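Below is one structure; the comments refer to it alone.
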Amino acid sequence: MKEAQPAAIHLKDYQVPPFLIDKTELTFDLDESVTIVTSRLHMRRNPASKKANAPLVLDGGEDVRLVAVAIDDYQLPPAEYRLDDNQLIITATPDLFVLTCETLIEPQNNTRLEGLYRSSSMFCTQCEAEGFRHITYYLDRPDVMSVFTTKIIADANVYPTMLANGNQVDEGETEEGKRFLVWHDPFPKPAYLFALVAGNLNKIEDTFTTMSGKNVALEIFTESHNIDKVDYAMDSLKRSMKWDEEVYGREYDLDIFMVVAVDDFNMGAMENKGLNIFNSSCLLATPETTTDDGFLRVEAVVAHEYFHNWSGNRVTCRDWFQLSLKEGFTVFRDQMFSSDMNSPTVKRVEDVSFLRTAQFAEDAGPMAHPVRPASFIEISNFYTLTIYEKGAEIVRMIHTLLGEDAFRKGSDLYFERHDGQAVTCDDFIRAMEDASGVDLKQFSRWYSQAGTPVLSVAFEYNEAETSLTLTVKQMTPATPGQPTKLALHMPIRMGLIGKDGQELTTQHQGVAAKEHVLHLNQLSQTFEFKGVSQAAVPSLLRGFSAPVKLNIDLDAQELLLLLSSDTDGFNRWCAAQQLAVNELSVLIEQAKNGETLNIESHLVEGFASILKDENLDPAMVALILTLPSASYLAELADSIDPKAIAKARKFLKEQIANQLKAELVTCYERNKMSDAYLPNAEQMAKRQLKNVVLGYWSVTHDTAVAKVISEQCLTSDNMTDEFAALSIAVNSEHSEADKLLAGFYDKWSNESLVVNKWLMLSASQEGSDALAKIKTLMEHPAFDLKNPNKVRSLLGGLTQNVPCFHHQDGSGYAFLADLIIELDKRNPQLASRLCTPLSRWRKMEASLSALMKAELERVQAQDLSKDVYEVISKSLA
Ligand code: B3K
Ligand code: ZN
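The working numbering applies: residue 51 is where the sequence shown begins, and numbers increase by one.
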């Protein structure tokens, strides 16, 4: 451990910056050994700052070497400035001046992948949140917005493509015979939105005419071998631009919009002004190499980054505690876009599954934090599911509470009022309140209170009075630093399904309707419904109208009624999941106690009628047939026994499959397609259903299925079907699994993104020698510790591999801990993310819990980055 432990910074300590930077002029002389960065910062004291004599303190990483610093062309001698830990401090400055800094950096040695670094043969940047300080000294905080001009100088033969934010305004040759290009971005922005790319890249071009008739050039860049894989991204971009005009009235503002794919990237993509940079896994897509999920991801991420141009760039965050201001809102925007482009119910189910599995687990773990955190040690650790996904749920609830029209008025007001500013979550709420007249005071507690609320619901039907009462209690469990919780305001969208399967029209607060939106805002509240003509089952939280856990005591018959008759597709899925969770919980207990597994499954009955109904949307059928994931079951458990969960899931799947074999086979045949691959909702639904039923079929005793799996794997013309069959082969006891896996690698060894899928699947393959195989995989030419996608693929496979990762000798955990320690030295952001599975040690059953804790303690004893230090110390606190 380091001597001095990293300190936390607090939202309550926020102060406006003592200086502002009106203009930023940067020159990059790019070189393979040393890159020279010269900055001219047009600065002035901030009139809003109370610190009239504050020294100028600029941020700069330990990897930035200062050569010279001048104020208004006066070179400062060393006595007139100070270099402290990561800061350049100048005590005496005029009120208005130009600061010039010459600094040296070595992008080729930058393994952190933040700041300016090399990915394959190109230079690229990643500056959010605090990467710019690894490029040069600056006021690296989002409330310092500046107009940037960027000059790039490089060898034209090696780097014919040189890009930065904004519009290109100049180009030429230097005296040394190098080429230079100048880019100017007229929109003031914080340094985290700065971007630069230089390389030998190909591009595809298109145009978009905005609603006011402006022509925008669209360009997507990749290395030449990938240029055939970006048409879908371009198509997604154009659809995003149109959607943002139609739904939010937002028009693009520069003359050009550029997107670049890079291979080595810590996350999905980055919304740099006019120059988005993408992890190639979120941009490249072809039917042969990309699954349906991959296509949907490209569409969603392209949209997300584009939407940031308004929600993030034109209006940005005052400080990093407000991160969800841009991320929560933008995730909500991209979710609604994807919903409009595809199937709304499928989209909602997928988003909610993800939230309930991963964000709820975060809320229940040591890193639980509010959507607007009160403090952090390392901001990179706060790009979390809480900030993104729960943040999006908050915006969605505002949308539900205000209604479509008032919400749009609110967003218009927000963009108009705050254009060009760096603002807070409170400013967003205020715009929504001012435009709608709705009081969101209590609602805004969602931003400051961490944890997942639990709703406990009881209902009673009074036949004589044809009325029904619903009593809802809310309780939010304690989270680190927040022992007590207040009542939250949330919308509960609901209806009542009569025992005959009809949705009832009922009266609530004088309004007769089939669907009501209840406002829950007390710890315990009763809601009355009149005119309830028969006994009914409540269908609550339709479309998951609030991000909460719902406890309502419904028996199997009541859940089957909702599954077959609810008018809300989302809640039909929920009912099937709940039924499965109930049955799996019984089986998990049996497995934990070493009993023989045994259950009379009601799911079989529900699934049988779903499978027979040819009128149902295949996507809905596929979702309903999909059993709750092991991670969701783990999230629900008080003491996680991964082996018991796996055993219970396998048992229930086999029960269902063997009892419904004939229906499954018919369904498989019915959903086969001979049409050319299209990434549209209709085809995706059929492929998804076909592959879900193949998964069931694979665990029956039917000898015919092995051949069907091999054939689908070997003859499909698209990656969705090919990879689904391969995964089924690897996860069932298919006799040719190894052969298929090896063949898959041979076929795709030149396609890096497909090879990542192979790495993941190979690492997930169970067997007594699994860990040894994973270690061998790390020596494979296809693996590269420098590439975050490859590391995540391999470890994703490992953590799914229950017998290997959770081995009782602790070898799986030790392997992960070793890797965290090694990676922390080169890429702290990546290393920190890998700590998540171990950080949940308190929820594991006793023997595994102790093993995980021991590994965390071993990591804690090392000299750690701030990133890993924060996660480990909070996990062990
Ligand atoms: N804003 C970026 C995330 C940056 C993460 C920095 N560690 C991508 C996005 O959310 O759009
Ligand atoms: Zn984002």
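Idealized CB from N, CA, C, for every residue including glycine. All figures in this text were calculated on a predicted structure; none of them were measured in a lab.
Restricting attention to beta strand (DSSP E) runs no shorter than 3 residues, the stretch 515-576 encloses them at 517-525, 540-548, 556-558, 561-563, 565-570, ordered along the chain.
Taken through DSSP and simplified to helix, strand or coil, Val148 comes out as strand. Selection Lys279, Lys253, Gln532, Ile277 evaluated against Ala267 yields Lys253 as nearest (Cα-Cα). Contact between Trp370 and Ile444 does not hold, since the beta-carbon distance rounds to 18 Å and is not under 8 Å.
Taken atom to atom, the span from the alpha-carbon of Ile660 to that of Pro878 is near 48 Å.
Between Val473 and Arg368 the beta-carbon gap is near 6 Å, inside 8 Å, which marks them as a contact. The C-beta distance from Ala58 to Ser425 rounds to 5 Å, short enough to fall under 8 Å.
With fewer than 16 other beta carbons inside 10 angstroms of its own, Arg115 counts as exposed. Excluding five sequence positions before and after Met391, the CB atoms of its chain that fall closer than 7 Å to its own CB belong to Arg289, Glu349, given in chain order.
Where Pro588 is concerned, the enclosing beta strand (DSSP E) starts and stops at 586-589. For Pro668, the closest alpha carbon among the candidates Ala731, Val852, His92, Ser486 is that of Ala731.
Residue pairing from DSSP leaves Ala927 without any beta-bridge partner. Taken through DSSP and simplified to helix, strand or coil, Ile444 comes out as helix. Residue pairing by DSSP places Lys253 opposite Phe271 in a beta bridge. If you check the CB distance, Ala813 and Leu848 come in under 7 Å. Between the stretch 178-191 and the stretch 203-215 there are fewer than three inter-stretch CB-CB distances shorter than 8 Å, so the stretches are not counted as touching. In the DSSP assignment, the residues bridged to Ile140 are Leu106.
Contact between the stretch 232-243 and the stretch 277-287 is absent: fewer than 3 CB-CB pairs across the two stretches fall below 8 Å.
Here Arg446 is not near Trp360, since their CB atoms are 7 Å or more apart. Excluding the 5 residues flanking it on each side, Val219 has same chain C-beta neighbours closer than 6 Å at Val232, His234, in chain order.
Our two residues, Tyr438 and Pro127, have alpha carbons roughly 46 Å apart in a direct line. Taking a cut-off of 8 Å on C-beta distances, the stretch 736-746 touches the stretch 709-717, as three or more cross pairs fall below it. Going by DSSP, Ser361 is part of no alpha helix (DSSP H) at all; its letter is neither H nor E. Non-local C-beta neighbours of Ala481 in its own chain, meaning closer than 8 Å and more than five positions away in sequence, comprise Gly460, Ser461, Leu463, Tyr464, Arg467, His468, ordered along the chain. For Leu133, the secondary structure class from DSSP, reduced to helix, strand or coil, is strand.
Distances between the C-beta of Glu713 and the heavy atoms of the ligand ZN are all 6 Å or more.
Within the stretch 778-818, the complete alpha helix (DSSP H) runs of at least 4 residues fall at 787-798, 802-814.
With respect to the C-alpha of Ala414, the residue from Val84, Asp603, Tyr682, Leu869 having the closest C-alpha is Tyr682. In this structure Leu637 touches Ile649 by the C-beta definition: roughly 6 Å separates them, less than 8 Å.
Take the alpha-carbon of Val396 and the one of Asp868: they are about 39 Å apart. Per DSSP, the beta bridge partners of Ala472 are Thr366. Contact between the stretch 488-501 and the stretch 530-545 is present: three or more C-beta pairs spanning the two stretches fall below 8 Å. The count of Cβ pairs closer than 8 Å, one atom from the stretch 571-580 and one from the stretch 592-610, stays below three, leaving the stretches out of contact. Beta bridge pairing from DSSP links Val309 with Ile270, Asn326. Pairing Asn363 with Tyr919, the inter-Cα distance amounts to about 31 Å.
Looking at the backbone, the Cα of Leu702 and that of Ser635 are separated by about 11 Å.
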